[in-house]
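Protein chains: 2
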Amino acid sequence: MAKVADKYLKVDPWAIIEEGFDPERNRTSESIFSLGNEYMGVRGYAEEGYGGDSLLGSYFNGLNEQLEIGNHYKGIIRSLRYMVNAVDWLYTRITVDGEQLDLAKSTISDYSRRLDFRSGTYQREFVWHLENGKSLKVTFTRMVSMTLSHLGLQQVAFQPLNFSGSVEVCTGLDFGIIHEERGENMWNSLHSAEEGTVTGIMASTIHTGNKLFSGFALQSPQPLQTTRIERDKFIGQSFSLKLSQAETTYYTKFVVNCADSNSTRTADELWNEGMELAAAAGKLDETAVLAEQADYWSRIWETSDINIEGDPENQQGIRFCIFQLYQTYHGDHPGFNIGAKGLTGEAYRGLAFWDTESYCLPFYMFNNPKAARSLLEFRYKTLAEAMERAKDVDCEGACYPIATIDGTESCDLWQHSNLQLHVGTAVSYGIWHYVKNTGDQAFLYSKGAEMLIQISRFYATRGQWGQRTGEYGYFGVMGPDEFQLMVNNNCYINLMAQKSFEYTLDTLRVMKEQAPAEYAEVVARTALREEELGDWSSKAQHMRIPLDEISGVYEEHDGFFDMPHLDIHSIPVTEFPLYSNWSYDRLYRYDMIKQPDVLMFMFLYSGQFSKEAKIANYEYYEPRCIHESSLSPSIHSILASEIDKHEEAYNFFEFATRLDLDNYNRNTREGLHTTSIAAAWMNIVYGFGGMRSDGERLSFQPTLPERWSSYSFQVLYEEVLLRIVVDQTTVKLSAISGGSTEVIVYGQQIKVDDSGTVLPLGEGMLAG
Amino acid sequence: MAKVADKYLKVDPWAIIEEGFDPERNRTSESIFSLGNEYMGVRGYAEEGYGGDSLLGSYFNGLNEQLEIGNHYKGIIRSLRYMVNAVDWLYTRITVDGEQLDLAKSTISDYSRRLDFRSGTYQREFVWHLENGKSLKVTFTRMVSMTLSHLGLQQVAFQPLNFSGSVEVCTGLDFGIIHEERGENMWNSLHSAEEGTVTGIMASTIHTGNKLFSGFALQSPQPLQTTRIERDKFIGQSFSLKLSQAETTYYTKFVVNCADSNSTRTADELWNEGMELAAAAGKLDETAVLAEQADYWSRIWETSDINIEGDPENQQGIRFCIFQLYQTYHGDHPGFNIGAKGLTGEAYRGLAFWDTESYCLPFYMFNNPKAARSLLEFRYKTLAEAMERAKDVDCEGACYPIATIDGTESCDLWQHSNLQLHVGTAVSYGIWHYVKNTGDQAFLYSKGAEMLIQISRFYATRGQWGQRTGEYGYFGVMGPDEFQLMVNNNCYINLMAQKSFEYTLDTLRVMKEQAPAEYAEVVARTALREEELGDWSSKAQHMRIPLDEISGVYEEHDGFFDMPHLDIHSIPVTEFPLYSNWSYDRLYRYDMIKQPDVLMFMFLYSGQFSKEAKIANYEYYEPRCIHESSLSPSIHSILASEIDKHEEAYNFFEFATRLDLDNYNRNTREGLHTTSIAAAWMNIVYGFGGMRSDGERLSFQPTLPERWSSYSFQVLYEEVLLRIVVDQTTVKLSAISGGSTEVIVYGQQIKVDDSGTVLPLGEGMLAG
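One line per chain: the protein sequences are D and C, in this order.
Per UniProt numbering, the first sequence starts with residue 1, numbered consecutively.
Per UniProt numbering, the second sequence starts with residue 1, numbered consecutively.
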């Protein structure tokens, strides 16, 4: 594994705290101190201008630019869309006595920053020692509102320690930022103006014409005499603040950003809408806004907190994860998805992967079902693009993209976009999983069934019959394990496609009986033919699932067991990451795997596999797994818990909650591992909590890591908010709200209501 | 196959003749009417300037530019080199009474052009009808000298049909040409000047700094009053010629081009060398130059002609092939290779492939052994680059590039450059084949052995041991059949690597005994260790050769027999070429093959496989072969002849000699299929002639296609020039020069000398 923590930040149960400024770690901290509210996200960069190394990143969910790709082959994409770096709405320049503040040049002391999980704010402060001997304490507070999604707030406060005088400030909106991966600015300015209290600017992306309005109004206890500053792609106001020794003076910038990535509005409409919102924002009371934000977060912690006693680092880590998950997504906006880095960086181009349904969906299903449904709605909204893509690759139905921001395939490595077929099965699994646990039959019948039909059509046309085996399967594919690049009959894809066919057929059968009108409608809308059902049934029935009957080990794909063996522990630490240090082709010719593949489906359909089967497959595949995906350790941890390898389970968990805080992969600088953050939640709830959500009822098999004295977590199940507390002797379940429900604990079905139920901790479940 | 002839050109045994000008076919004709002399090549474009669609292509062997590739993975190339379009040394502009000649705009009649195999010239003539009613016959003759490789000659003649007057001519050297694939000019001008009789210019490529000098001197029966014309990247002379009705007036441009692709000379040195050569060229006698050219070609036809009686189209076709092969390569310049399109176009970027050793080498071995050796010398000269490439891909020894102009890997599709391992085995096969048939032991000991050692090292480090089979082989490869993209244990690669190991070990064993000093030297130079020999021996011995023992069919790779079946005849004609009409990934998941793979090694090591084995494998693989490589039909034709499928053999041969003349693949416009041209020669000699060169002695098994009354061909074997004449009753062998030798005919060893031997045509060998 060769993963080592880089411990640096202070440990605190409710905040991330950095003391002292380290330019080397600046980008990493920019990622960690990111703020977001699903609608927009902003990295924790120094808004006053920083001459050192920084990724000044400001992103809007769905807002994209397009890159043309020089490709001549049919079926390989010709252009891709990516999340584009957008307006720097925090732009600030601060000058005192002609000297401009810049952490790269100025002398500073007492630097600290804090991301607070309860207030939902990011604060940064330090003392600036001017060349002329003056010392000024500067405090930046920022917030993006969880309740008013267009609203961002920035407060800049000054406390002169040894002088009285003034400070010159220029605050503005800057569309002149560089999209780092392209090394270019991707914006055309459309309009900018000062109207009443609002200073605004609007621009559009060069190739896609996505529009973005940004406007701000200022408040300050001191009356402000402002001068408008305009230049290319920029508008701002400059003013002077009087400073009195020891007293704190501040101003607050209320910013409204309105994005239009679908061109649903004209430029005029967007401008007027933005100006109106900004004018209203300028009248808001700052204290009330901050209080509303804190209130929002207190509700979140009430329903979604995980409490760990006896492990302050993981306590902080898991709260950071939950905080970032809510910041990234909470289902307020239809048509949004979760990029691999959320809204915190440009790596992976802001694109969403199968991670959404496979790793993120459970967190939302059991905390915020509206958000879970919204994620599935994204796939429904982009069904047309998936059907277009299926045609591109000579298939029928819907081929969901391996990487996307708006439903179009945006992965420019054909070996991934054309061979990795497991997004469609992730979507159908997601529908199944969501409906099973929320009972949202309405979604299934109105939208899910249509997606299932088109997904099944894709798998029925992409697959083929093996000439020797006579079985059905997928040739020329790459499964979740990206170290087996182009294989036949990947066991994961085959099994997941089989399940997808079966679920589609089950759904249609039940629907025909129970909701004949909706059934007739979906049949008509999809022009479904009776013989297709027979075809899918036959293909599911004859699906090839490569299995060594004697050992009980599933063969990851045809021929995997003959792949040359490599003792992964013999690889020198210096050769990691292998993608950078090994010849590309060399990665693909061993029995070494990058991430769980067989083990992944054993987790997803846990109830269908015996403990013996899990043991056999875990013991075969785990030693061959290099975990070069950040999603890998958590799945291994969950399975290890289940098969009583508690020490190993805890070891794999070590990377989960603090992957970014301790920068295990040394690439947090590029952005947070947002989808891995969701896996950290699963690691505790499905791993130590032993929750399983693929059976008829929700079940638990709690264990307690020996390092912990107790822990608790909450899940919303059938509209009941369940709280599970595990300590060294007992498991306590109670219904916090919503009445009562029944769940399975250690194999026994029990009723849980507000009076709570206490069970002894299962035997052998006190791990270690 | 869906290949249909597009018959257009006149049939003539010694020339290519086009009558009438068809703008639609202009690019195709430009390719067909290409001239070359190994050092340089020039397409048959209209040098007077043409406003229509044209590829104005002028190429120099080895002269290259570099393209950077945005790749971040180790082992995948970061830049590539390609043959760059160079100076238009034929540049001419012709004006009469203010009207400029341009075939795209002018009114013309009586257009014809002719490429003459005996004079080695290209002539184009037509009557130009001016707007003012004047008619002028214009004749362009050009030649690139086969004996003075720097020399090109252009004669432009004018015959006014109904007037007397004058013509204004501007003739020059233009470096302002566009490299079509890049859409840019790739030259920096270095110097231009008029010195004495010579007008010269020198430029260098932008990224690689390859230098090229071009200079010309003019001759004319009429004294020329010239005016120098200079502009960016251009120098020329303009002058006026007096015209008298019915009389022919002309001028001749003697051009010298000197390329320096290895920067072995300074700019000054190259300039001085070029100017000196050009001054000398300007003093040459045109008639003598043309006579020398004709003389050269008469010697070629004496030794290398193939004569076919009763089939004028194939007679013309095979002579065109032989003519183009000599034009492309004849071994006068060390360090040159044969690009897939020769020097006739920019497709395949002017790069050389394994075609050189696998398809072209036999033609040269049996016609011009010096050229054959020179081709192998190219691989020796580029051994350092191949060793560098092996390191790039985490291997040892030498990894010869799949596509190259200068020894560096220049294929930008990683799936080809990193997975197609068969160039190294082609080189070692080439060494073996060449040495076996020429007896050039000196080459083997001085250079061949060193290459063999480094090649074996590569195959010993790239291969792996199968965990289940316990056998050695290659995982993650693409064999010659490019429709199986990434497979394990491709039978061709495994078998060829086994042969390569064995030949290396045999060579070293014999060398150690017979040439101990050279043996010691090569061991020292390569730091060869004794244990490597044991390792190679073991790997050869345990090489996996997938074979179905019952049917005798070799499995193209592990799992091929399970690949889904496709009846290739069910593919609609409109879907060809599949690369353009099928989703890229779809090409790779059937039992459909693109070109011979198993059948290829059965041809290369013909003597090792029984006729029964060939029948079994041919009958299995041929119906699955789509022949989407132009190299495919000839190999099938040769094998079909051997297994008595004479009709089929002739059908496959149909595409061979006239692939470009009848534009079967509809892409001759991009350049000639130069390496396929070599396969056409093999098709006759190895196919109908039944020659085999992989045994202890050269052997023949002649058949006669029913459409032919007789045919003859010649091969140089052990310094004896053998002539084989096959007619409907007999096979006549005679030694034209070089004394006598022994060969095998119909299984019997016979002595052939200048008195000749006549045998009856073998039973069943009168095909059809």
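Glycine included, every Cβ here is placed at the ideal spot set by N, Cα and C.
Since the structure is predicted, the reported quantities are computational estimates derived from the model, not experimental observations.
- Assignment of Glu396/C by DSSP, reduced to helix, strand and coil, places it in the coil class.
- With fewer than 16 other beta carbons inside 10 angstroms of its own, Asn262/C counts as exposed.
- Across the stretch 68–83 of chain C, CB contacts with chain D closer than 7 angstroms involve Tyr73, Lys74, Gly75, Ile76, in sequence order along the chain.
- Between Arg462/D and Thr674/D, the alpha-carbon positions lie close to 31 angstroms from each other.
- With contacts defined by Cβ atoms closer than 8 angstroms, Met143/C and Gln293/C form a contacting pair.
- Beta-bridge analysis with DSSP links Pro760/C to Thr730/C.
- Judged by beta-carbon spacing, Tyr492/D lies within the 8 angstroms limit of Gly479/D, meaning their Cβ atoms are closer than that value.
- DSSP, read as helix, strand or coil, puts Phe609/C in coil.
- Proximity of Tyr711/C to chain D, defined by a Cβ-Cβ separation below 8 angstroms, is not satisfied.
- Listed along chain D are Phe475, Gly476, Met486, each with a C-beta nearer than 9 angstroms to that of Tyr588/C.
- Two segments are said to touch when three or more pairs of C-beta atoms, one from each, lie closer than 8 angstroms; by this definition the stretch 754–761 of chain D does not touch the stretch 297–306 of chain C.
- Within the same chain, and ignoring the five residues on either side of Leu704/C in sequence, the residues whose Cβ sits closer than 8 angstroms to its Cβ are Phe688, Ser710, Tyr711, Val726, Asp727, Gln728, Leu761, Met765, Leu766, Ala767.
- Just measuring C-alpha positions, the residue of Glu302/D, Leu241/D, Arg509/D, Val198/D sitting nearest Arg93/D is Leu241/D.
- For Ser410/C, same chain residues with a beta-carbon under 6 angstroms away, outside a window of 5 residues either side, are Leu80, Arg81, Leu351, Ala403, Thr404 in chain order.
- Contacts with chain C (Cβ-Cβ distance below 7 angstroms) from the stretch 551–574 of chain D involve Asp558, Gly559, Phe561, Asp562, Met563, Pro564, His565, listed in chain order.
- Counting only runs of 3 or more residues that sit fully inside the stretch 266–337 of chain D, the beta strand (DSSP E) segments are 307–309, in chain order.
- Note that the C-beta distance between Ser214/D and Val169/D is not below 8 angstroms.
- Contact between Pro546/D and Glu555/D is confirmed by a C-beta separation of about 4 angstroms, below the 8 angstroms threshold.
- Contact of Tyr579/C with chain D by beta-carbon distance below 9 angstroms involves His72, Tyr73, Lys74.
- Burial state of Ala678/C is buried, judged by a 10 Å Cβ sphere holding 16 or more other Cβ atoms.
- Contacts between Asp394/C and chain D, judged by CB atoms closer than 8 angstroms, involve Trp582, Ser583, Arg586 in chain order.
- Against Thr425/C, chain D offers no close residue; the least beta-carbon distance is about 17 angstroms (beta-carbon pairs closer than 7 angstroms).
- Taking C-alpha positions only, Ala520/C is separated from Glu450/C by approximately 11 angstroms.
- Boundaries of the beta strand (DSSP E) around Glu125/C: 121–129.
- Asn437/D: member of the alpha helix (DSSP H) spanning 422–438, first to last residue.
- In the three-state reduction of the DSSP assignment, Leu495/C falls in the helix class.
- Short of 7 angstroms from the beta carbon of Asp355/D, and not among the five residues preceding or following it, lie these beta carbons of its own chain, in chain order: Ala340, Leu631, Thr675.
- Closer than 8 angstroms to the CB of Gly466/C there is at least one CB belonging to chain D.
- Cβ neighbours of Gly209/D within its own chain (closer than 7 angstroms, five residues either side excluded): Ser263.
- Here Thr668/C is buried: its Cβ has 16 or more other Cβ atoms, across all protein chains shown, within 10 Å.
- Interface residue (Cβ-Cβ distance to chain D less than 8 angstroms): Leu63/C is not classified as such.
- In the structure shown, Pro633/C falls within a helical segment according to DSSP collapsed to helix, strand and coil.
- For His416/D, the uninterrupted alpha helix (DSSP H) segment begins and ends at 414–417.
- Contact residues of the stretch 268–280 of chain D toward chain C are absent (C-beta to C-beta distance below 9 angstroms).
- Below 8 angstroms, too few C-beta pairs join the stretch 324–332 of chain D and the stretch 394–403 of chain D to call them touching: fewer than three.
- The beta carbon of Gly183/C sits closer than 7 angstroms to none of the beta carbons in its chain outside the five residues before and after it.
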